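First the structure, in the form of structure tokens, and then the observations on it.
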Amino acid sequence: MRNQFDFRRLLPHLLAIIGFLALAIMYMSPVLKGQQLAMGDVDRFIALQSEIRKYASEYIGWTNSLFGGMPTFLVGGDYSNGIFIKIHGLIYTLFNIKATFIGMYLIGAYLMLRGFKCDLWTSILGAIGYAFFTYNFQIIEAGHTAKVYAVAYLPLMAAGVIFGFNQRPWLGAVLLSLGLGLQIHANHPQITYYSAIVLGILAIFETIRAVKNGAVKSLIIFFGASAVFCALALATNTSRLWTLYDHSKETIRGGSELTPVKGEAASAGNNDSKGLTKEYAFAWSYGKLESLTLLIPDFSGGSSGGELDTNSESYKTLTRYGIDGQNAAQFAYQLPTYWGDQTFVGGGVYSGAIICFLFVLGLFYAEKRYRIPFLIAGVFTLMLGWGGNFTALNYFLFDYIPGFNKFRSVSMILSLTQFCMIIIASLGVKQLIENRPSWEEFKKPLFISLGATAGLALILAIVPSLVGLRTANDTAFVEQISQSFGNNKAAANDLYNALLDDRASMLRSDALRTVLFILLAAAVLWAFVTNKLKNTTAVVGIISALTLIDMWSVNKRYLNNDDFRPKFESAQNVEPSAADQQILRDTDPDYRVLDVTSNPFADPRASAFHKSVGGYSASKLRRTQDLIERQMVKNNMAVFNMLNTKYFIVPDEKKQPVVQQNPGALGNAWFVRELKMVNNPDEEMAALDNFNPGKTAVVDKRFAETLKGAQPSSDSTGTIRLTSYHPTKLAYESNTSSPQIAVFSEMYYKGNEDWKSYIDGKETPHFRADYVLRAMVVPAGKHTIEFKFDAKTVSQGQKIDLYASIAWLLLIGGALFLDFRTKKQA
5 MRNQFDFRRL
15 LPHLLAIIGF
25 LALAIMYMSP
35 VLKGQQLAMG
45 DVDRFIALQS
55 EIRKYASEYI
65 GWTNSLFGGM
75 PTFLVGGDYS
85 NGIFIKIHGL
95 IYTLFNIKAT
105 FIGMYLIGAY
115 LMLRGFKCDL
125 WTSILGAIGY
135 AFFTYNFQII
145 EAGHTAKVYA
155 VAYLPLMAAG
165 VIFGFNQRPW
175 LGAVLLSLGL
185 GLQIHANHPQ
195 ITYYSAIVLG
205 ILAIFETIRA
215 VKNGAVKSLI
225 IFFGASAVFC
235 ALALATNTSR
245 LWTLYDHSKE
255 TIRGGSELTP
265 VKGEAASAGN
275 NDSKGLTKEY
285 AFAWSYGKLE
295 SLTLLIPDFS
305 GGSSGGELDT
315 NSESYKTLTR
325 YGIDGQNAAQ
335 FAYQLPTYWG
345 DQTFVGGGVY
355 SGAIICFLFV
365 LGLFYAEKRY
375 RIPFLIAGVF
385 TLMLGWGGNF
395 TALNYFLFDY
405 IPGFNKFRSV
415 SMILSLTQFC
425 MIIIASLGVK
435 QLIENRPSWE
445 EFKKPLFISL
455 GATAGLALIL
465 AIVPSLVGLR
475 TANDTAFVEQ
485 ISQSFGNNKA
495 AANDLYNALL
505 DDRASMLRSD
515 ALRTVLFILL
525 AAAVLWAFVT
535 NKLKNTTAVV
545 GIISALTLID
555 MWSVNKRYLN
565 NDDFRPKFES
575 AQNVEPSAAD
585 QQILRDTDPD
595 YRVLDVTSNP
605 FADPRASAFH
615 KSVGGYSASK
625 LRRTQDLIER
635 QMVKNNMAVF
645 NMLNTKYFIV
655 PDEKKQPVVQ
665 QNPGALGNAW
675 FVRELKMVNN
685 PDEEMAALDN
695 FNPGKTAVVD
705 KRFAETLKGA
715 QPSSDSTGTI
725 RLTSYHPTKL
735 AYESNTSSPQ
745 IAVFSEMYYK
755 GNEDWKSYID
765 GKETPHFRAD
775 YVLRAMVVPA
785 GKHTIEFKFD
795 AKTVSQGQKI
805 DLYASIAWLL
815 LIGGALFLDF
825 RTKKQA
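In the working numbering, the protein residues as written are 5 to 830.
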């Protein structure tokens, strides 16, 4: 009866999971009152998805809600047909509705640490350290849900690797492929890429160890099964992966055909790079010195939004210069306390004082088998997070390592740094609990760990000016303040010095806080080692509680009850302005709007109500970005006219939005009188500087074969009009007495591949004109012209998704049976 199922063995884990969910809901307590978490990026996506939601009963692969038109692959609408969309849907239902993303972090890390054979409470401690890492909370608050899911699924993949190298190859392969499939479905390739780096380092060390120990058979089974299962997991996401790969070539991550203009600010990509530029990719690089936020949360001044109150020196200085209390409080709150290296941040990336202490201590006690690879991975990911602040490494990787130049905001890799830290910290605690050292053996590692963490924090608390507290932007800030004070430089300098005092005060306060928590945890360990506290559950339980208190309170600075609202006041139900309502009375089904009351190319609001020339997307089409940078920012009205920008929303004298109708908008389609053939994309773009799009079409000579010598002919009576609109199917009617060349105010994208054109039901090729638009030769007479969108990567990929899912389910069923049989025989 040795293998008889015993529910009592399972009960502690069930209670732990229930506790995690309860903890998550407690943190997100406003959900119990029916409130919703306000997440910035989610709101933006809802605005961008306005047209997608109008066709909710079907999948549409194209939308005209933003940037004049672009695929929906990375904007909204799930087109996967694999098993992981079902599994993810179940997880989404369990966790997202209750806003308990935190529970996903906790459960995943707990299960992984159990795979490391950590005891119950040590696994809980590590789970808290992973889940309550402040960056993991900041991405919840920001609405980066794809990133949240990807980070939450990482421990499941790691658990697979751990089991696989510990004589459970079949189970390991199943868990690894399950985690990989879910992470890929989460659709955050950057986190998946970084996960592969960390787990790859671990796998290298584990493989060497397995070969040395003669565990070759188990190793071959694990590698073979993992290769097959992971390949199938990838295949179940074929429609997503194939589409992402294919589509990325057309986006800002695919590079531009244009030659960079000398002296022009670098954009997201250029013709020298089939990826992002270094400037764009490393715009959010963590500072080397700024990395001390891992130990001291407000080391770099907290968030960019400001944190000062009426007790601050800045507030007192403002009131001394005669500014009333209310205005002084508002002004002080907005002052730039952040002095780190990034453009702006939502707060410090804090690992937890106790976690940092236990990490250093774990370097002495964690099993060497795991300590070395995770230390290497942790240091390596930290250096990658430095991005442009560590060019010797990161520029080399950017230039020579495949895929590295496709990603931006590299500081997000710090979630992987924390992942490595909590493993070493947890394994160190595990070893201490299982093999209690004597005080003589313990005091040296303890004092070194205290010195490296609490000691450093204490020095910074005593002399915070050691780290400078200044940023390169401070000079401009002082100049701006001086102008606000009527060019009173003395007042501006007084306020700046007060701000430096406040930065020092923030650092000092949090540094002392760090010292306190570390000393409390060290005292518990001292009591354990000296036999004053013998119960191991109490030891780890107390440290876990202290860690939770520490990290919970810091996270409340960034994600708290103020981030919830009574109803989901997203862009979907924000009331349209009077200007929006005026435009919406136009019954024309297909015209465009440009809202310049804010930055039109970084604000999605207009997309919630209109087909917008602007929008918000990190995956906008490269050609659109080129047109923005080379023409739209110069207010080239010819370009806006060819984009059928019928309305502009502009601010009036009172900063209220008002409508300006554009009489020059060319409509949905028109016939041109002449062709201007050019030799390359540079000439094509340059030709747009001064041309009349209603008369002339600028065409790259590469499309000469499609034209087959066709030339425009004069026909004053010829007509062409849009007769039917659907995002993926447009119909026009033309009537001419002679062959014509028609230009359509629709974005050219993978012409004659994904977007196909038809005349009277017969497929007829179209070509690109005016750098971004579609054009085609239209024969004389009355004809029906259609454009239909069908991405083959989606339609064909969905079939592979289904077949691969069936195969994956069958094989993992067999693998789980083999694992059960092998374990039973053992």
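Ideal placement from N, C-alpha and C gives every residue a C-beta, glycine not left out. Because the structure is a prediction, the values reported are computed rather than measured.
Item, Value
"Best match in Asp478, Phe368, Ile546 and Phe303 for proximity to lysine 448 [C-alpha to C-alpha]", "Phe368"
"Validate contact between the stretch 351-363 and the stretch 394-408 using beta carbons, cut 8 Å, 3 pairs", "no"
"The stretch 171-189 in contact with the stretch 121-129 per 3-pair CB rule at 8 Å", "no"
"Backbone secondary structure at tryptophan 674 - three-state DSSP", "strand"
"C-alpha gap between isoleucine 143 and arginine 569, whole angstroms", "18 Å"
"Where glutamate 737 falls: helix, strand or coil (DSSP)", "strand"
"Complete alpha helix (DSSP H) runs within the stretch 347-417 (minimum length 4 residues, chain order)", "357-369, 372-389 and 395-404"
"Cβ-based neighbour list, tryptophan 556, same chain, cut-off 8 Å, excluding 5 preceding and 5 following", "Tyr31 and Phe136"
"Distance between leucine 110 and histidine 17 (C-alpha atoms, nearest Å)", "12 Å"
"When Leu245, Gln53 and Lys90 are compared against serine 799, the one with the closest alpha-carbon", "Leu245"
"Three-state secondary structure assigned by DSSP to tyrosine 59", "coil"
"Meets three-Cβ-pair contact criterion under 8 Å: the stretch 814-829 and the stretch 743-750", "no"
"Serine 574 - DSSP class collapsed to helix/strand/coil", "Low confidence applies here, because serine 574 scores a pLDDT of 43, under 50, leaving its location unreliable; read the following figure in that light. Reduced to three states, the DSSP call for serine 574 is coil."
"For phenylalanine 652, the first and last residue of its enclosing beta strand (DSSP E)", "649-655"
"Euclidean distance between Cα positions of valine 202 and threonine 255", "28 Å"
"Range covered by the beta strand (DSSP E) that runs through tyrosine 729", "723-730"
"Reference glycine 93; option with closest CA among Val414, Leu186, Leu537 and Pro731", "Leu186"
"Where the alpha helix (DSSP H) containing threonine 710 begins and where it ends", "708-711"
"Cα-Cα separation, phenylalanine 348 to alanine 708", "48 Å"
"Of the listed residues Asp554, Leu418, Gly356 and Ala396, nearest to alanine 381 (C-alpha basis)", "Leu418"
"Top-ranked residue by Cα proximity to glutamate 444, from Leu206, Leu431, Thr534 and Ala177", "Thr534"
"Element boundaries [beta strand (DSSP E), containing methionine 751]", "744-751"
"Glycine 107 beta carbon less than 8 Å from that of alanine 163", "no"
"Every unbroken alpha helix (DSSP H) inside the stretch 299-347 [4 residues or more]", "317-324 and 329-337"
"Complete alpha helix (DSSP H) runs within the stretch 534-575 (minimum length 4 residues, chain order)", "540-559"
"Buried versus exposed call for asparagine 2 [16 or more other C-beta atoms within 10 Å across all chains shown]", "Residue 2 is absent from the structure shown; the chain starts at 5 and stops at 830."
"Selected residue, minimal CA-CA separation from leucine 362, among Val528, Leu280 and Asn477", "Val528"
"Cβ separation of valine 600 and isoleucine 653, assumed to be a contact under 8 Å, to the nearest whole Å", "7 Å"
"Backbone CA spacing between leucine 520 and threonine 104 [nearest angstrom]", "30 Å"
"Residue range of the beta strand (DSSP E) that includes aspartate 693", "No beta strand (DSSP E) holds aspartate 693; DSSP gives it neither H nor E."
"Spatially closest choice to glutamine 715 from Ser33, Pro608, Phe675 and Gln665, by CA coordinates", "Phe675"
"Residue span of the alpha helix (DSSP H) that contains histidine 787, given as start and end", "Not the alpha helix (DSSP H): histidine 787 falls in the beta strand (DSSP E), residues 785-793."
"Other residues of its chain near isoleucine 188: CB distance less than 8 Å, five sequence neighbours each side excluded", "Phe88, Thr196, Ala237, Leu238, Asn241, Arg244 and Leu245"
"Serine 513 versus glutamine 586: straight-line alpha-carbon distance, rounded", "54 Å"
"Proximity to asparagine 648 [Cα-Cα], best of Glu687, Asp693, Ser621 and Pro697", "Pro697"
"Beta-carbon gap between serine 415 and tyrosine 290 smaller than 8 Å", "yes"
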